[in-house]
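For reference, the structure discussed in these notes is given below.
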Amino acid sequence: MSVSIATQAKTLAFAFLVNALFGFSDASARMAQDGIVEIKPPRALTAEPFGLSTSVIGESPLQAKWREVARAIDAEAIVIADCDRDRSHCASQPALRFLDIVKAAAGREGLARLGEINRAINLAIRPLSDLAQYGVEDRWSSPLATLAAGAGDCEDYAIAKLVALRAAGIAADNLRLVIIRETMTGEDHAVVTVKTDGRWRVLDNRTLVMIDDSELTKYRPLFAFDAEGAKRFEQPMLAQAPINTPVRPADIEPASVQTSANASVPQATSCDEGIATFAM
């Protein structure tokens, strides 16, 4: 195999690995049409986080928001792959930072891999609301954009972790971005859940500790995002609720968990202070 062909294959392989997280990825569809890669059939139904079933949400602002960030991730995947191929000529410091995080995680196994990404992303980003950062109430940013800014809200942490976990080799079937609601305050938060050894672990920007989904007893899951798009958790309390449920990010006391290097998670609320209507 020539150097140019090998380089192209490596770039496309990395891009497809990340794009595989998004079932509607334009880039992965184009690759399939060109005969470069083969799209796998839809995944079989598996148990969801929090022991609840989910249903796909129809065309809505929520799906549009998810597709928009997926397109940004598609574009960033090419940049990351190019930098991975030739780090000495990489002009993107965020891409190099992302690759360092993925490489460190890929060298670990099991929970250690998840913990490495949870720790690295938590410590790489300063918590800042969308209103303060962009002047808008709700904006979902792609990983390199968030790493370039060095700041973001809970969704930005979660998106960066989701893509990093996928790039580190975690199967898309085992990854979800989940919006949860604090039952006492009605305030919302975004986390990543990862299925490992038959259990769903929660990766949260407010703590370095990964807990089982069953331990989040004060929260109710609202929405999940995976390779099939945006989904809604089905449960009696939400069965008749409108889909345009507002998301009110929570002001929850920050965690004070220390890393092995005695670095703590930045003190912050869990998300921005705006109210975002996800779907209508």
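With our numbering applied, the sequence shown covers 3 to 282.
Beta carbons are placed, not taken as given, at the ideal position from N, Cα and C, and that holds for glycine.
Keep in mind that this is a model prediction, so the values were computed, not measured.
Cβ-Cβ distance between residue i and residue j below 8 Å
i, j, result
"residue 71", "residue 97", "no"
"residue 123", "residue 166", "yes"
"residue 112", "residue 198", "yes"
"residue 170", "residue 145", "no"
"residue 135", "residue 160", "no"
"residue 215", "residue 100", "no"
"residue 194", "residue 164", "yes"
"residue 104", "residue 231", "no"
"residue 153", "residue 177", "no"
Residue i (DSSP reduced to helix, strand or coil)
i, result
"residue 181", "strand"
"residue 84", "helix"
"residue 138", "coil"
"residue 48", "At residue 48, the pLDDT of 47 sits below 50, so the modelled position is not reliable; the number obtained from the coordinates is stated separately. DSSP places residue 48 in coil when its eight states are reduced to three."
"residue 90", "helix"
"residue 99", "helix"
"residue 273", "coil"
"residue 59", "coil"
"residue 229", "coil"
"residue 133", "helix"
"residue 54", "coil"
"residue 218", "coil"
"residue 110", "coil"
Spatial neighbours of residue i in its chain, beta-carbon cut-off 6 Å, leaving aside the 5 residues before and after
i, result
"residue 227", "68, 179"
"residue 158", "143, 148"
"residue 56", "50, 226, 233, 235"
"residue 40", "At residue 40, the pLDDT of 38 sits below 50, so the modelled position is not reliable and the matter cannot be decided from this model."
"residue 213", "204"
"residue 107", "115, 118, 119, 170"
"residue 110", "118"
"residue 202", "51, 195, 215"
is_contact[residue i, chain C] using C-beta, thresh 8 Å
i, result
"residue 111", "Of the chains in the structure shown, none is chain C; there is only one protein chain."
Residues near residue i in its chain [Cβ-Cβ closer than 8 Å; skip 5 each side]
i, result
"residue 92", "84, 85, 98"
Own chain partners of residue i with C-beta closer than 7 Å, once the 5 adjacent residues on each side are dropped
i, result
"residue 206", "193"
"residue 65", "59, 231, 232"
"residue 237", "54"
Do the region 177-192 and the region 207-227 touch if we need at least three Cβ pairs shorter than 8 Å?
yes
Which ranges does the beta strand (DSSP E) cover as unbroken runs of at least 3 residues, wholly within the region 185-212, from first to last along the chain?
Scanning the region 185-212 for uninterrupted beta strand (DSSP E) segments of 3 residues or longer gives 190-198, 201-205, listed from N- to C-terminal end.
Quick check on the DSSP output: what are the complete alpha helix (DSSP H) runs of length 4 or more inside the region 138-167, in order along the chain?
Qualifying alpha helix (DSSP H) stretches, in chain order: 145-151.
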